[in-house]
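With this note's numbering, the residue at position 843 of the sequence shown is 861, and numbering never jumps.
A virtual CB, placed ideally from N, CA and C, is assigned to each residue, including glycine.
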Amino acid sequence: MTASLPRTPEAPVLVGRTAELRALADAVARPPSVALVEGEAGIGKTRLIREVLRRRGGRGRRVLVGSCRPLREPFPYGPVFDLLRRLPDGLPAALSPVCGVLRPYLPELAGRLPPAPEPLGEPRARRHRLFHAVRALLDALGPAVLVVEDLHWADDGTRDLLRFLVDDPPEALAVVLSYRREELPGARLPLGRAYHHPPGTTAVVIPLRPLDVHAVRAMCAALTGTPEASAALAAELHRRTAGIPFVVEEVVRALPENVRRAPRADREALDGMTVPTPLQEAIADRMSVLSPGATAAVHAACVLRVPAGEALIANVLRGTAGRPAAAADSAGVREALLAGVLHEWGDDQYALRHALAQQAVYASLPGPDRHRLHRQAMGALAALDPQPLVQLAYHARRAGELARWQRYGEAAAASARETGDLALAVELLEELLSDGRLGRMACGRIAVDLSRDAVVGLTHRRATALLCRIVRDQHLPEGLRGEIRLHLGLLLYNQAGRHEEGRINTEWAIRELRRRPALAARGMAALAMPAWGDHPYRVYERWIEQAEQLAAREPGPSVCTAVRANHLALAMYAGDPAVWEQAERLIDAAGPGGDRRQVARACGNFADAATCLGHFRAAHRFRRLGRRLAAECGAAFLSGIVEGTALRLDWYEGRWQGLAERARHVLDVMPGVSGIAADAHLVLGLLASARGEWDEAAAELGAAGLTAPHNAPAPVLATASGALARLLQARGDAAEARIEAERGIARIRRKGIWSWAGDLVPMAVTTLVRGGRLPDAERVTAELAEGIAGRDAPLAAAALVACHGILAVGRGHREEAAAAFDTARTAYAVLPLPYAATRAGEAAARCRLTAGDRGAADQLAAMAERFTDLGATRDAARCRRVLRGHNVPLPSRRGRRGYGDQLSPREREVARLVGLGHTNREIADVLFLSPRTVEQHVAKVLRKLRVGSRAEVHGQGRASAP
Numbered sequence: 019m020t021a022s023l024p025r026t027p028e029a030p031v032l033v034g035r036t037a038e039l040r041a042l043a044d045a046v047a048r049p050p051s052v053a054l055v056e057g058e059a060g061i062g063k064t065r066l067i068r069e070v071l072r073r074r075g076g077r078g079r080r081v082l083v084g085s086c087r088p089l090r091e092p093f094p095y096g097p098v099f100d101l102l103r104r105l106p107d108g109l110p111a112a113l114s115p116v117c118g119v120l121r122p123y124l125p126e127l128a129g130r131l132p133p134a135p136e137p138l139g140e141p142r143a144r145r146h147r148l149f150h151a152v153r154a155l156l157d158a159l160g161p162a163v164l165v166v167e168d169l170h171w172a173d174d175g176t177r178d179l180l181r182f183l184v185d186d187p188p189e190a191l192a193v194v195l196s197y198r199r200e201e202l203p204g205a206r207l208p209l210g211r212a213y214h215h216p217p218g219t220t221a222v223v224i225p226l227r228p229l230d231v232h233a234v235r236a237m238c239a240a241l242t243g244t245p246e247a248s249a250a251l252a253a254e255l256h257r258r259t260a261g262i263p264f265v266v267e268e269v270v271r272a273l274p275e276n277v278r279r280a281p282r283a284d285r286e287a288l289d290g291m292t293v294p295t296p297l298q299e300a301i302a303d304r305m306s307v308l309s310p311g312a313t314a315a316v317h318a319a320c321v322l323r324v325p326a327g328e329a330l331i332a333n334v335l336r337g338t339a340g341r342p343a344a345a346a347d348s349a350g351v352r353e354a355l356l357a358g359v360l361h362e363w364g365d366d367q368y369a370l371r372h373a374l375a376q377q378a379v380y381a382s383l384p385g386p387d388r389h390r391l392h393r394q395a396m397g398a399l400a401a402l403d404p405q406p407l408v409q410l411a412y413h414a415r416r417a418g419e420l421a422r423w424q425r426y427g428e429a430a431a432a433s434a435r436e437t438g439d440l441a442l443a444v445e446l447l448e449e450l451l452s453d454g455r456l457g458r459m460a461c462g463r464i465a466v467d468l469s470r471d472a473v474v475g476l477t478h479r480r481a482t483a484l485l486c487r488i489v490r491d492q493h494l495p496e497g498l499r500g501e502i503r504l505h506l507g508l509l510l511y512n513q514a515g516r517h518e519e520g521r522i523n524t525e526w527a528i529r530e531l532r533r534r535p536a537l538a539a540r541g542m543a544a545l546a547m548p549a550w551g552d553h554p555y556r557v558y559e560r561w562i563e564q565a566e567q568l569a570a571r572e573p574g575p576s577v578c579t580a581v582r583a584n585h586l587a588l589a590m591y592a593g594d595p596a597v598w599e600q601a602e603r604l605i606d607a608a609g610p611g612g613d614r615r616q617v618a619r620a621c622g623n624f625a626d627a628a629t630c631l632g633h634f635r636a637a638h639r640f641r642r643l644g645r646r647l648a649a650e651c652g653a654a655f656l657s658g659i660v661e662g663t664a665l666r667l668d669w670y671e672g673r674w675q676g677l678a679e680r681a682r683h684v685l686d687v688m689p690g691v692s693g694i695a696a697d698a699h700l701v702l703g704l705l706a707s708a709r710g711e712w713d714e715a716a717a718e719l720g721a722a723g724l725t726a727p728h729n730a731p732a733p734v735l736a737t738a739s740g741a742l743a744r745l746l747q748a749r750g751d752a753a754e755a756r757i758e759a760e761r762g763i764a765r766i767r768r769k770g771i772w773s774w775a776g777d778l779v780p781m782a783v784t785t786l787v788r789g790g791r792l793p794d795a796e797r798v799t800a801e802l803a804e805g806i807a808g809r810d811a812p813l814a815a816a817a818l819v820a821c822h823g824i825l826a827v828g829r830g831h832r833e834e835a836a837a838a839f840d841t842a843r844t845a846y847a848v849l850p851l852p853y854a855a856t857r858a859g860e861a862a863a864r865c866r867l868t869a870g871d872r873g874a875a876d877q878l879a880a881m882a883e884r885f886t887d888l889g890a891t892r893d894a895a896r897c898r899r900v901l902r903g904h905n906v907p908l909p910s911r912r913g914r915r916g917y918g919d920q921l922s923p924r925e926r927e928v929a930r931l932v933g934l935g936h937t938n939r940e941i942a943d944v945l946f947l948s949p950r951t952v953e954q955h956v957a958k959v960l961r962k963l964r965v966g967s968r969a970e971v972h973g974q975g976r977a978s979a980p
């Protein structure tokens with residue numbers, strides 16, 4: 019027998035139980051009915067029942083709730099009589115005379131019960147009359163819900179009584195019984211025998227399963243009060259808790275406040291957490307009833323950490339190897355399974371139910387016992403073929419055997435590397451390097467392997483800290499230290515986003531690698547990537563020239579490929595028209611092994627450069643090839659870089675549906691990886707800006723790099739500056755918009771790569787023209803023209819045409835401006851860049867409309883529809899406001915005219931903004947509507963969504979966003 023889990027405050031919402039909630043609610047609503055709710059401890063049986071009772075129980079029905087207790091001595095019929103004596107409104111006036119037999123069992127109600135009948139001598143007859151009396155009393159109550167929980171602890175008498183009731187339930191009674199099937203006695207039947215419901219009775223069995231990762235994530239968000247929880251945190255929570263709601267809830271409530279509120283907390287947030295006290299106590303209760311043999315089996319399974327067969331568990335607990343399990347060993351495993359302490363994970367695979375249970379049992383073991391079991395686990399596992407190297411390394415470390423841990427750990431990392439699992443290799447090497455007992459040369463050797471693996475992976479925080487410590491050791495050989503520092507520099511720049519530190523370490527590494535020219539050349543080639551820092555273009559050219567001089571002296575093809583690829587990427591970023599054919603030749607000449615990783619890196623850089631230039635078709639080809647090669651090499655960071663570029667490509671090409679969700683997913687699965695995160699934040703900022711969500715847009719653009727421009731990729735900064743300037747201009751802050759645009763132009767001017775300025779210069783010119791600084795606007799336009807002269811940069815070239823249109827507007831030449839905007843629209847459309855093309859089309863139409871050309875209204879209306887199709891809510895609303903201002907009748911919106919209880923397109927827009935927390939006035943500003951009109955839309959949204967307040971619309975924002 020085991021104790022119940024302690025009750026804790028419930029999650030504010032019930033998640034992951036939609037079908038089960040509906041099934042139970044339907045059964046309760048259709049008496050006579052019997053609902054059997056089954057599931058393991060902590061799975062949420064009580065929570066589900068309470069939710070149904072909250073929603074339906076009080077509708078003119080009495081609700082009677084009782085529960086069985088894990089008492090050592092039986093208390094016949096106790097749970098049923100306990101709930102009857104707590105009748106909320108007392109007893110009905112007219113009761114069957116047979117109810118008088120209940121007087122001794124319900125003394126609190128004796129005064130309202132009929133007189134006691136004559137006693138019966140035969141025990142079976144007495145029991146039958148008692149059962150009949152209970153049924154008669156329940157029948158007299160009228161509509162009622164009878165709930166008895168934890169039926170697995172029921173005594174035989176209670177089980178017999180309940181079986182009597184459900185075999186012929188009163189017409190208005192709904193019976194709900196809950197239990198843990200694994201703890202039911204005998205044949206594990208909740209009522210002692212198979213239940214066959216009588217005709218006319220609704221009967222349903224509702225098994226509750228563990229929550230999946232999505233439900234755990236929703237539960238975490240509900241418990242923390244945040245819009246959504248980190249996917250990485252939810253995945254780790256699911257792993258540690260097995261999706262059991264009670265365990266999830268206890269862990270989340272035990273998290274520090276800063277972690278609970280962090281929008282993208284990852285699995286590291288759970289490291290070092292102790293098992294919550296209620297869970298420790300619940301597991302201790304379960305362990306307390308086990309025999310010594312079963313306890314030993316649980317301890318062995320706990321130390322093994324992963325599901326294992328009976329034979330392995332037996333060998334660990336007995337200190338043997340390769341022997342079958344004895345009968346006593348099997349009996350111990352079986353007892354632990356029946357008690358719910360061990361869980362069956364597959365055929366002959368047993369382990370504790372979840373990681374936190376394992377952690378709690380492990381913590382209860384004395385140190386000497388733990389060490390002994392780990393040594394015995396090593397002996398048992400070493401006899402297997404093939405040897406499970408990762409497990410052997412773990413047990414060697416826990417047993418305190420340093421030499422064996424180092425040997426097994428390095429072998430396991432090498433094996434993981436060969437199979438392409440670099441994340442596992444990094445994790446194993448980090449564990450080794452974090453131990454202060456390793457010798458200097460062992461640390462150096464392991465650090466080299468770690469640095470090589472980590473530089474193409476996603477996890478970087480721990481590796482970066484460890485490598486920083488290692489390179490401070492001046493007694494390491496200089497060349498070895500230089501290689502470690504080189505990869506550290508790349509980690510700091512690419513993954514950690516600490517660009518200046520990365521540059522300093524890379525330059526330092528080059529000096530240390532003077533006797534290793536191949537590695538020095540790679541460092542120089544890395545410093546030649548122009549997204550680093552804000553140096554003039556010539557600085558990058560000098561680095562690549564030095565790299566090629568060194569690489570020419572090296573016979574290995576890998577370093578030549580790496581240097582050549584970066585040289586071509588540098589030229590491509592600048593818009594060199596001769597580079598495309600050379601890039602294709604480099605890719606075609608790729609060889610196996612290291613070359614393929616270098617080509618994967620090259621393809622990622624080429625795809626990024628092509629995207630910056632506006633060569634989207636070429637970018638897609640490089641992206642697809644880079645993703646395939648990165649997957650083949652197991653280079654997760656390179657795969658992430660390609661995915662970040664894909665987000666920007668979809669933004670540019672107008673594939674906005676689901677794009678925000680994809681960007682958030684990238685941030686969740688690749689948390690804290692600077693280069694990839696910058697792309698995702700940029701796209702989220704651009705999408706939010708197009709929808710008029712100013713605060714979210716500003717936050718995302720800041721996260722893309724504007725809040726720390728010295729640690730952000732320069733092309734992303736240029737686009738983000740242009741977007742923020744547009745946002746500030748739209749909000750009426752013209753001075754700040756001009757400052758931001760000029761700040762972005764200054765960065766481009768210093769670097770001298772004007773092919774990156776396509777998203778920035780038109781907005782900079784606009785702010786200058788509107789600020790009355792036409793000569794400055796003309797000078798910036800001339801700089802762009804000179805900067806891309808002879809360059810293959812179609813996006814910047816289209817932007818240059820748009821700038822001429824903006825200058826023409828500033829000069830008052832409306833017809834000239836309209837013609838320029840039409841040309842820009844065509845140039846953008848060819849790329850294709852539909853959003854920019856539509857903005858240019860809008861500008862052309864507005865110029866003509868202002869000049870009195872009424873025919874331009876149709877063009878502006880068409881642009882409004884295109885904005886709507888893209889998801890650019892704010893832009894579409896702006897076009898319609900201009901049309902209204904010129905007294906132009908607005909065309910009907912596409913779609914059906916009657917929406918009934920469904921939200922119309924306009925109402926969906928309003929619901930999204932309400933869900934994001936905007937006030938009516940803010941919504942009116944975004945959609946160019948009057949506050950009174952917005953108020954009417956909000957009222958319709960609340961009515962159609964059947965909610966009582968704006969707060970309940972939460973979630974509509976992101977759900978309907980592109």
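CA-to-CA distance, residue j to residue i, given in whole angstroms
i	j	result
V10	V33	The structure shown does not extend to residue 10, since the chain is modelled only from 19 to 980, so the question has no answer here.
E796	A835	14 Å
P731	R642	22 Å
A803	L818	7 Å
I488	G462	7 Å
Y846	Y555	27 Å
L446	W550	31 Å
H361	L209	24 Å
G475	G662	15 Å
A381	L586	56 Å
Beta bridge counterpart(s) of residue i as assigned by DSSP
i	result
L568	Paired residue(s): none; L568 is not in a bridge.
R499	In DSSP, R499 forms no bridge with anything.
L164	L82, V193
E56	Y197, P225
G364	Q367
S51	A192, T220
Where residue i sits in the DSSP three-state scheme
i	result
P983	For the chain, the structure presents residues 19 to 980; residue 983 sits outside this window and is missing.
Y670	helix
S993	There is simply no residue 993 to check, as the chain begins at 19 and stops at 980 in what is shown.
S922	coil
A326	strand
Residue i, buried or exposed, once every other Cβ within 10 Å from all chains shown has been counted against 16
i	result
S922	buried
N905	exposed
D777	buried
S469	buried
A37	exposed
G243	exposed
G306	First, the amino acid is wrong: residue 306 is Ser here, not Gly. Burial call: exposed.
Q954	exposed
G672	buried
D626	buried
Other residues of its chain near residue i: CB distance less than 6 Å, five sequence neighbours each side excluded
i	result
H413	H392, A395, M396
7 Å Cβ shell around residue i - same chain, five flanking residues per side excluded
i	result
A826	E834, A835, A838
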